[in-house]
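If you want the working numbering, it's the position in the sequence shown, counting the first as 1, plus 20. Note that beta-carbon positions come from the ideal geometry of N, C-alpha and C, so glycine has one too.
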Amino acid sequence: MKPIPLPIAELKSALSGIGKVINPRTTLPVLQHVKVERTNDGWIALTGTDLDRFVTMRLEHPAEGPPCAVLVPFDQLQHLSKNCGRDERLLIDITEQGPVIKFALADNLGETKVKPLPVTEFPETPRLKSEAIPLPPTLRTTLHEAMNCASTDSTRYVLNGTFIDASNPKGFYVVGTDGKHLYSANSFTLPIKNSILIPNHKFLGWKEFNNDGEWQMKADDQSIQLSSRRWRFITRQIEGKYPDWRVTIPNPKDAKTHITLDPAKLEALSKLIQRIPCHDPDRFETIGLEWKQGQFLLLGKDKHNEPWTRVPIADAKGTGPDITIFISRHFLIKALSYGLNTISLIEYLAPLRFHNQGKQMIVMPLRPGDQDTSPRPSPPPAVPTTTTTSRPAPMPPAPQPPPITKPMIHTPTSEGPPPNGPKTTIEECTDLSLAIRDKFNDGFNMLRDLGLKLKLANREQKMNAREMHSVRSTLRSLQGLKI
Numbered sequence: 021m022k023p024i025p026l027p028i029a030e031l032k033s034a035l036s037g038i039g040k041v042i043n044p045r046t047t048l049p050v051l052q053h054v055k056v057e058r059t060n061d062g063w064i065a066l067t068g069t070d071l072d073r074f075v076t077m078r079l080e081h082p083a084e085g086p087p088c089a090v091l092v093p094f095d096q097l098q099h100l101s102k103n104c105g106r107d108e109r110l111l112i113d114i115t116e117q118g119p120v121i122k123f124a125l126a127d128n129l130g131e132t133k134v135k136p137l138p139v140t141e142f143p144e145t146p147r148l149k150s151e152a153i154p155l156p157p158t159l160r161t162t163l164h165e166a167m168n169c170a171s172t173d174s175t176r177y178v179l180n181g182t183f184i185d186a187s188n189p190k191g192f193y194v195v196g197t198d199g200k201h202l203y204s205a206n207s208f209t210l211p212i213k214n215s216i217l218i219p220n221h222k223f224l225g226w227k228e229f230n231n232d233g234e235w236q237m238k239a240d241d242q243s244i245q246l247s248s249r250r251w252r253f254i255t256r257q258i259e260g261k262y263p264d265w266r267v268t269i270p271n272p273k274d275a276k277t278h279i280t281l282d283p284a285k286l287e288a289l290s291k292l293i294q295r296i297p298c299h300d301p302d303r304f305e306t307i308g309l310e311w312k313q314g315q316f317l318l319l320g321k322d323k324h325n326e327p328w329t330r331v332p333i334a335d336a337k338g339t340g341p342d343i344t345i346f347i348s349r350h351f352l353i354k355a356l357s358y359g360l361n362t363i364s365l366i367e368y369l370a371p372l373r374f375h376n377q378g379k380q381m382i383v384m385p386l387r388p389g390d391q392d393t394s395p396r397p398s399p400p401p402a403v404p405t406t407t408t409t410s411r412p413a414p415m416p417p418a419p420q421p422p423p424i425t426k427p428m429i430h431t432p433t434s435e436g437p438p439p440n441g442p443k444t445t446i447e448e449c450t451d452l453s454l455a456i457r458d459k460f461n462d463g464f465n466m467l468r469d470l471g472l473k474l475k476l477a478n479r480e481q482k483m484n485a486r487e488m489h490s491v492r493s494t495l496r497s498l499q500g501l502k503i
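Okay, here's the thing in structure tokens:
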């Protein structure tokens with residue numbers, strides 16, 4: 021049988037991408053292997069998985085030879101590729117004793133053996149039967165922007181993904197939120213009927229996958245596939261209902277102050293923001309936004325007990341009453357990097373809205389402190405368009421930001437009832453149903469792992485039986501010897 025050639029230049033790239041899904045601490049040996057296969061058409065593909073995600077790369081050129089597949093340890097391939105030149109290649113030969121990896125060694129070929137592992141033990145790659153949907157570059161950009169706004173908190177797993185909201189067939193939305201800020205973008209449609217919840221994964225943000233041509237998407241009720249020219253990423257969708265994100269969007273008509281920044285100077289403004297003093301870099305990274313007497317200013321200070329330093333921003337236009345509001349500069353820089361150059365403000369404790377055309381980001385403000393004893397103005401009325409802020413406190417002349425207000429989106433957790441009061445019976449039932457669902461999911465995962473381990477134990481038992489048979493045969497032959 022002709023060996024399978026693996027050019028080092030392509031192999032290094034393949035291992036870099038596949039390594040993003042392989043878990044080195046897994047207890048299942050098969051998950052530490054790469055499946056190398058040659059198809060009927062001669063195409064060579066490498067696949068890695070962690071059971072929930074599958075990453076496959078197809079090499080640039082086909083190779084002659086019959087179709088075949090073999091499992092090779094990821095670490096072994098990675099070690100050999102690091103010690104070979106980019107213009108060299110590895111040859112994987114399948115022999116009766118097991119796979120052998122051959123490589124250039126001076127003027128000869130060196131080889132290293134691979135511990136044989138049946139290909140049938142490798143998890144089967146899901147095959148999605150739906151039609152591939154091309155994703156335009158603008159939609160791919162919005163997907164990445166939404167991913168950067170999604171939660172990383174494992175207790176709020178349903179928020180650990182990017183939501184493609186297809187509830188309105190005339191206009192879809194891409195949404196990502198962590199409860200403190202929310203991103204949404206619309207003005208596109210896809211030929212799908214159901215909404216999709218894509219789990220965030222570092223492979224999706226990998227540079228090479230994003231530079232490998234147009235993305236295409238396939239989806240069914242359980243899985244989603246994103247593929248480029250040579251790469252394919254398959255993952256399970258996040259189970260559960262995504263929260264109603266629309267209730268957190270402030271009514272645009274309630275905004276009283278609007279500030280528009282020069283789009284050509286957003287990058288320079290982001291750099292300026294990073295140079296403004298910050299008195300709480302390890303907590304909120306507070307920065308103030310102030311519209312006063314027709315001028316837009318940024319507020320910062322080096323220490324808590326110092327007065328605010330005001331930095332005027334040229335070329336900023338605005339309308340509406342004077343207002344001062346505090347947010348995390350991390351969210352401000354992110355909004356500017358997305359090109360959201362218009363800021364709409366309702367009042368100093370209501371959510372801010374950064375927007376530009378069909379994209380917007382809603383950010384929760386920081387609550388100002390109450391450390392000054394001078395007279396204060398009466399607090400403005402609560403905003404009726406959102407339930408995410410608590411009752412406003414009086415506005416001091418020199419505010420100091422304490423903790424962030426209540427998250428915009430609440431997902432049930434096991435931490436106890438919400439601060440507004442005890443849970444209702446329906447809410448308790450909902451929590452119990454979610455807990456039962458999680459237990460079932462854990463049980464299914466454990467059964468799947470048990471099945472794989474039983475297969476491994478069965479294989480080891482067969483190997484031990486063959487070894488015992490070989491030992492017995494040897495003993496019988498020794499008993500028949502005559503001295």
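- Per the Cβ contact rule, the segment 48-65 is not in contact with the segment 122-131 (fewer than 3 Cβ pairs under 8 Å).
- Of the residues L352, I42 and R457, the one whose Cα lies closest to the Cα of H201 is L352.
- A Cβ-Cβ contact shorter than 8 Å links G196 with A166.
- Counting along the chain, K323 sits inside no beta strand (DSSP E), nor does DSSP assign it H or E at all.
- Annotated three-state conformation of A126 is coil, per DSSP.
- T182 is positioned such that its CB atom lies closer than 8 Å to that of V194.
- For G359, the CB contacts under 8 Å within the same chain, skipping 5 residues up- and downstream, are P283, L286, N376 and K379 in chain order.
- V139 sits in a helix when the DSSP states are folded into three classes.
- Taking 8 Å as the cut-off, the beta carbon of M237 is found closer than this to the beta carbon of L155.
- Proximity to V75 across N43, K102 and N103 peaks at N43, based on C-alpha coordinates.
- The bridge partners DSSP lists for V54 are V92.
- Every alpha helix (DSSP H) stretch that sits fully inside the segment 225-286 and reaches 4 residues is listed by chain position as 227-230.
- The secondary-structure analysis by DSSP pairs I343 across a beta bridge with W311.
- Beta-bridge annotation (DSSP): E131 is paired with K122.
- For L210, the secondary structure class from DSSP, reduced to helix, strand or coil, is coil.
- No Cβ-Cβ contact shorter than 8 Å links T362 with T277.
- Nearest to L319 by alpha-carbon distance, out of Q313, L470 and I296, is I296.
- The Cβ atoms of L35 and Q98 sit closer than 8 Å to each other.
- Beta bridge pairing from DSSP links M381 with Y203 and F374.
- The three-state secondary structure of P25, taken from DSSP, is strand.
- Following the DSSP letters along the chain, one finds A65 inside the beta strand (DSSP E) bounded by residues I64 to T69.
- In the structure shown, the three-state DSSP call for F460 is helix.
- Contact between I24 and E108 fails: their C-beta atoms lie close to 15 Å from each other, not under 8 Å.
- For E80, the closest C-alpha among the options S207, L66, R373 and D70 is that of L66.
- According to the DSSP assignment, S364 belongs to the beta strand (DSSP E) that extends over T362 to L365.
- According to DSSP, Y193 shares a beta bridge with D185.
- Just measuring C-alpha positions, the residue of W235, C298, P272 and A124 sitting nearest N325 is C298.
- With distances taken between CA atoms, L386 lies nearest to S348 out of L356, S348 and S364.
- A check of alpha carbon separations from R73 across P219, T344 and N230 identifies P219 as the nearest.
- In summary, H221 is buried, with 16 or more beta-carbon neighbours lying within 10 Å of its beta-carbon over all protein chains present.
- Judged by DSSP secondary structure, L356 falls within the alpha helix (DSSP H) whose first and last residues are R349 to S357.
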